[in-house]
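Below you'll find the structure, written out as structure tokens, and then a few comments.
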Amino acid sequence: MELRQIKYFLALSRTLNFTRAAEECRVTQPTLTQSIKKLEEELGGQLLLRQRNRTHLTHLGQMILPFLEQVYESSEAAQMIAEDLSRGDRTPVRIGVSDAFNIAHLLQPVSEIKRSVPGLELHVIVGPDEQLSEMALDGHLDLTIISQASTDEKHFRFMSLYTEVMRVAVKGDSTLAGREIIDLSDLDDQHCICLKESDIHSDFVSFASKNGVNIAQQHWAKRSSDAQMMVLADLGVALVGDREALVDGVVTRKIGQPIPMRTIGLAELRGKPLSGAVLALSRQLRAKHYPAIECPVESLDS
Numbered sequence: 029m030e031l032r033q034i035k036y037f038l039a040l041s042r043t044l045n046f047t048r049a050a051e052e053c054r055v056t057q058p059t060l061t062q063s064i065k066k067l068e069e070e071l072g073g074q075l076l077l078r079q080r081n082r083t084h085l086t087h088l089g090q091m092i093l094p095f096l097e098q099v100y101e102s103s104e105a106a107q108m109i110a111e112d113l114s115r116g117d118r119t120p121v122r123i124g125v126s127d128a129f130n131i132a133h134l135l136q137p138v139s140e141i142k143r144s145v146p147g148l149e150l151h152v153i154v155g156p157d158e159q160l161s162e163m164a165l166d167g168h169l170d171l172t173i174i175s176q177a178s179t180d181e182k183h184f185r186f187m188s189l190y191t192e193v194m195r196v197a198v199k200g201d202s203t204l205a206g207r208e209i210i211d212l213s214d215l216d217d218q219h220c221i222c223l224k225e226s227d228i229h230s231d232f233v234s235f236a237s238k239n240g241v242n243i244a245q246q247h248w249a250k251r252s253s254d255a256q257m258m259v260l261a262d263l264g265v266a267l268v269g270d271r272e273a274l275v276d277g278v279v280t281r282k283i284g285q286p287i288p289m290r291t292i293g294l295a296e297l298r299g300k301p302l303s304g305a306v307l308a309l310s311r312q313l314r315a316k317h318y319p320a321i322e323c324p325v326e327s328l329d330s
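Taking my numbering, the leading residue of the sequence shown gets 29, the next gets one more, and so forth.
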């Protein structure tokens, strides 16, 4: 199947007239007719039915029309993008960002890149680490910011941005919020809101169990922000990194005992050529400082 055949068929579907369709496509009518016949042979059925002076789409023609429209439109869009790139008008950068990464950290690096790359076209996809890894493997992302634990180093080159200490997220007006440091024993019989596809939470529960503390994995969320909303609903406590963005009304408290930590960094697909803009953004992100978010203890009477 050739694009010109699709083009001729789409013109016929609009005009329902071979003469006008040929004029629209700037070809002779015999050329258009021959191309349509060849397309019908390839698809195994009639696409158009000519009755006297009228032309109609057959059932097959009607069924296949939206699919051929999509193919042709996608082809035209791809051609436009290629032309823009060849002229230097557009420089797409597709970056996947873990739910655990505070997206505000992108502001300064992206601003720097924008000055040197006027045609920057930034695509930011936020999601779970596993989903982003799959998208990168399929070639849909140029760069990902994910945890080291989620990175398959056979396929990716990992560069650390920071290692964060995990903290307990609690409701701001709760009793636990009034403590600067929470002991593991304070969490005994607490419900834990865990993240799906994240080992750090199950590791924490196992660590607590080995220290004689029972923390029930009672509720589940897909994103950290969702888990924090569940904390606000008094469903339990959650585990978040000390550099994660916090939902209003949620505070984090340090844990007295040494617990598992998490390393967040850049994952680049091995062997994938990177544009200058992607390399520049990678350098900016690696040079940036990522401070921990502090939640000072406030009096509950204030």
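Every residue, glycine too, gets a C-beta built ideally from N, C-alpha and C.
What is the DSSP secondary structure of Q245, reduced to helix, strand or coil? strand
Can L67 and L75 be called in contact, C-beta distance under 9 Å? yes
What is the DSSP secondary structure of V154, reduced to helix, strand or coil? strand
Under the assumption that R314 contacts L297 (Cβ atoms under 8 Å), give the Cβ distance between them as a whole number of angstroms. About 17 Å; that fails the 8 Å criterion.
Given D231 as reference, the closest of R207, E208, M289 and E272 once Cα atoms are compared: M289
Integer-rounded CB distance, given that G264 should sit under 8 Å from Q218: 6 Å
Between which residues of its own chain and L44 is the CB-CB distance below 6 Å, once the five residues before and five after are set aside? T83
Can we say the region 118 to 131 touches the region 147 to 156, given the rule of at least three CB pairs closer than 8 Å? yes
If the criterion is Cβ atoms closer than 9 Å, does the pair V198 and R281 meet it? yes
Would S213 be called buried (16 or more neighbouring beta carbons within 10 Å of its own) or exposed? exposed
Exposed or buried, what is M29 when buried is set at 16 or more other beta-carbons lying within 10 Å of its beta-carbon? exposed
Does the structure place the region 220 to 228 close enough to the region 245 to 254 that three or more beta carbon pairs sit under 8 Å? yes
Three-state secondary structure (DSSP) of C222: strand
Excluding five sequence neighbours on each side, which residues of the same chain lie with their C-beta closer than 7 Å to the C-beta of D216? V241 and N242
Do you know offhand how far L328's Cα is from I174's? At L328 the pLDDT is 42, less than 50, meaning the model places this residue with poor confidence; the figure from the coordinates comes in the next sentence. Rounded to the nearest angstrom, the two C-alpha atoms are 36 Å apart.
Three or more beta-carbon pairs under 8 Å between the region 133 to 146 and the region 176 to 187, yes or no? no
What does the alpha-carbon distance come out to for the pair S41 and E69? 18 Å
Report the three-state DSSP secondary structure of S301 (helix, strand or coil). According to the sequence provided, residue 301 is Pro. The question's Ser does not apply to it. The answer is coil: DSSP assigns P301 none of H, G, I, E or B.
Exposed or buried, what is F129 when buried is set at 16 or more other beta-carbons lying within 10 Å of its beta-carbon? buried
Rounded straight-line distance, which links the Cα of P301 to that of Y100: 28 Å
Taking just the CA atoms, how far does D276 sit from M257? 9 Å
Starting from S230 and walking both ways along the alpha helix (DSSP H), at which residues does that stretch end? D227 to K238
At the level of alpha carbons, what is the spacing between D254 and R271? 17 Å
Just list the residues that DSSP pairs I123 with in beta bridges. V152 and L171
Please name the residue in Q79, T86, D157 and R80 whose C-alpha comes closest to that of G73. T86
Starting from the Cα of L309, find the closest Cα among H133, Q90 and M91 and give me that residue. H133
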